[in-house]
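Worksheet: one structure, shown below.
Numbering (my numbering), first residue to last: 7 to 366.
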């Protein structure tokens, strides 16, 4: 996520932007890291981090919280690379709390993005550390802050659970999540110049996935919708082909959730799900045609889209088209080495009484 980048990349050649008291430790920490001595690097950077907390914030001059949190991000990334996840998590958390104490209204755009990025990272790490409640709380905070700071949605009343916060701020989107046309409305909320599409979509997607895995489909769907609107607006000239393919993957997720939310989907529900799946397939195919080289995100999105539409055609009783699409999905999965895709497509073809041989 780009919001963490200032903590690592910018240290090269830019150590002079930090107060004099910190520069020697920062340089030594970077040198040790580049030599592969992560333990020594941690020692220097930990000392720089501790010193930074004793200095007046004005000593950091422009974007002060970006610089202080940058030290923490660099230290935590090295701890994580050294297999010390718990310590890395604690450093990220300390930096996040420091940003919160500064007051979000006092932070610049890039500093707000740093806070969002660290919250997203904490959610990601909490997942690996099996801290489900922490994962949810960090991702909910990131999403709420995106909605308030990026999409300019006002404060929402708090519910009794963390999940209720996301439920409140996305109430309108939930009611509209069945129709691809709602992307037109959502795209009118343009992003500020300090936030990229990936910066904003990543926490939305992560929280949507969290709720989808927890069976909270009514929470997951509007979050996916919002992420899709960021990555693939109705006039997606400003989106990269990879962003379009990533958005197409989320359309496949949304189609699957629409079906999952109905034990016996009606013809209308199947149509809604297929509309999203087909839109994702069309976007992926157009992106693939324009790309000069193979793009892993687009190739995966293509395999998933073919399989999902095949499954929906099967549910609609169109077994002939389902067989054709499952066979194409099998071919695509084999071509990119997607073993799970190969297994699922072969099983589906077997159940339909078709040979598990991809077309030439």
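We treat Cβ as the ideally placed atom computed from N, Cα and C, and that holds for glycine. Computed from a predicted structure; not experimentally measured.
Alpha helix (DSSP H) runs contained entirely in the region 119-148, provided each spans 4 or more residues: none
Inside the region 54-107 only - alpha helix (DSSP H) runs reaching at least 4 residues: 70-87
Three-pair Cβ contact test at 8 Å for the region 102-120 versus the region 69-76: yes
Short Cβ contact (7 Å threshold) for residue 336 with residue 351: In the chain shown, counting from the first residue as 1, residue 336 sits at position 330. In the chain shown, counting from the first residue as 1, residue 351 sits at position 345. Yes. Within cutoff.
Cα-Cα separation between residue 86 and residue 130, rounded to whole angstroms: Numbered from its first residue, the chain shown carries residue 86 at position 80. Numbered from its first residue, the chain shown carries residue 130 at position 124. One C-alpha to the other measures close to 12 Å.
Alpha carbon of residue 127 to alpha carbon of residue 135, nearest angstrom: Taking the first residue of the chain shown as 1, we reach residue 127 at position 121. Taking the first residue of the chain shown as 1, we reach residue 135 at position 129. If I take the Cα positions, the gap works out to 12 Å.
Beta carbon of residue 331 nearer than 7 Å to that of residue 312: Reading the chain shown from its first residue, position 325 is the one you call residue 331. Reading the chain shown from its first residue, position 306 is the one you call residue 312. A contact, by the Cβ cut-off of 7 Å.
Top-ranked residue by Cα proximity to residue 207, from 248, 223, 66, 220: On the chain shown, position 201 is the one that residue 207 refers to. The option with the nearest alpha carbon to residue 207 is 248.
Rounded C-alpha distance that separates residue 329 from residue 114: Taking the first residue of the chain shown as 1, we reach residue 329 at position 323. Taking the first residue of the chain shown as 1, we reach residue 114 at position 108. Distance between the alpha carbons of residue 329 and residue 114: 54 Å.
Cβ shell of residue 286 (< 6 Å), same chain only, five flanking positions each side left out: Within the chain shown, numbered from 1, the residue matching residue 286 stands at position 280. Correct list, in chain order: 254, 257, 258, 311.
Below-7 Å beta-carbon distance, residue 135 vs any chain D residue: In the structure shown, chain D does not exist; there is a single protein chain.
Separation of residue 236 from residue 334, as counted between CA atoms: Locating residue 334 in the chain shown gives position 328, counting from the first residue. Locating residue 236 in the chain shown gives position 230, counting from the first residue. Distance between the alpha carbons of residue 334 and residue 236: 29 Å.
Beta-carbon gap between residue 44 and residue 88 smaller than 7 Å: Here residue 44 refers to the residue found at position 38 of the chain shown. Here residue 88 refers to the residue found at position 82 of the chain shown. Yes. Within cutoff.
Environment of residue 30 [buried if 16+ CB atoms lie within 10 Å]: Working through the chain shown from its first residue, we reach residue 30 at position 24. By the 10 Å Cβ count, residue 30 comes out exposed.
Exposed unless 16 or more other CB atoms sit within 10 angstroms - verdict on residue 37: Numbered from 1 along the chain shown, position 31 holds the residue referred to as residue 37. Residue 37 should be labelled exposed.
Endpoints, the alpha helix (DSSP H) within which residue 279 is located: Reading the chain shown from its first residue, position 273 is the one you call residue 279. 273-296 is the extent of the alpha helix (DSSP H) around residue 279.
Proximal residues to residue 376 (C-beta, below 6 Å), its chain only, five neighbours per side dropped: With the chain covering only 7 through 366, there is no way to say anything about residue 376.
Span separating the alpha-carbon of residue 112 from that of residue 28: Walking along the chain shown from the start, residue 112 turns up at place 106. Walking along the chain shown from the start, residue 28 turns up at place 22. Near 24 Å, if we compare the C-alpha coordinates of residue 28 and residue 112.
Per-residue burial, residue 220 [other beta carbons within 10 Å of its own, 16 or more giving buried]: Walking along the chain shown from the start, residue 220 turns up at place 214. Its Cβ having fewer than 16 others within 10 Å, residue 220 is exposed.
Under 7 Å between C-beta atoms of residue 260 and residue 322: Your numbering for residue 260 matches position 254 in the chain shown. Your numbering for residue 322 matches position 316 in the chain shown. It is not a contact, given that the beta carbons lie outside the stated cut-off.
Distance cut-off 6 Å: residue 123 Cβ against heavy atoms of the ligand FAD: For the structure depicted, the ligand FAD is absent and the ligand set is empty, with no information on it obtainable.
With 16 other Cβ atoms within 10 Å as the buried cut-off, status of residue 376: Outside the shown range of the chain (7 to 366) lies residue 376, about which nothing can therefore be said.
Rounded C-alpha distance that separates residue 278 from residue 308: For the purposes of this step, residue 278 is taken as residue 272 along the chain shown, with counting starting at 1. For the purposes of this step, residue 308 is taken as residue 302 along the chain shown, with counting starting at 1. So the alpha carbons of these two residues sit roughly 19 Å apart.
Sequence-distant residues of its chain with Cβ nearer than 6 Å to residue 305 (five each side left out): Stepping through the chain shown from its first residue, residue 305 is reached at position 299. 342, listed in sequence order.
Distance CB(residue 212)-CB(residue 251) smaller than 7 Å: As a working mapping, residue 212 is identified with position 206 in the chain shown. As a working mapping, residue 251 is identified with position 245 in the chain shown. Not in contact: residue 212 and residue 251 (Cβ atoms no closer than 7 Å).
Nearest candidate by alpha-carbon position, reference residue 2, set 80, 65, 280, 22: A query on residue 2 cannot be resolved here, the shown segment of the chain reaching from 7 to 366 and no further.
Spatial neighbours of residue 147 in its chain, beta-carbon cut-off 6 Å, leaving aside the 5 residues before and after: For the purposes of this step, residue 147 is taken as the residue at position 141 of the chain shown. Excluding positions up to five away in sequence, the list reads 125.
Alpha-carbon spacing of residue 217 relative to residue 39, whole angstroms: Start at 1 with the first residue of the chain shown, and residue 217 comes out as number 211. Start at 1 with the first residue of the chain shown, and residue 39 comes out as number 33. Cα to Cα, the separation comes out at about 37 Å.
Local conformation of residue 300 per DSSP, three classes: The residue labelled residue 300 in the question sits at position 294 within the chain shown. In this structure, residue 300 counts as coil in the three-state DSSP scheme.
Burial state of residue 302, where buried means 16 or more other Cβ atoms lie within 10 Å: In the chain shown, the residue the question calls residue 302 occupies position 296. Flag for residue 302 reads exposed.
For residue 152, the nearest candidate out of 360, 110, 140 (CA to CA): The residue labelled residue 152 in the question sits at position 146 within the chain shown. Ranking the options by Cα distance to residue 152, first place goes to 110.
Span separating the alpha-carbon of residue 215 from that of residue 26: Here residue 215 corresponds to residue number 209 of the chain shown, with the count starting at 1. Here residue 26 corresponds to residue number 20 of the chain shown, with the count starting at 1. Taking the straight line from one Cα to the other gives about 44 Å.
Burial state of residue 56 (16 or more Cβ within 10 Å): Mapped onto the chain shown, residue 56 falls at position 50. Exposed, because fewer than 16 other Cβ atoms sit within 10 Å of the Cβ of residue 56.
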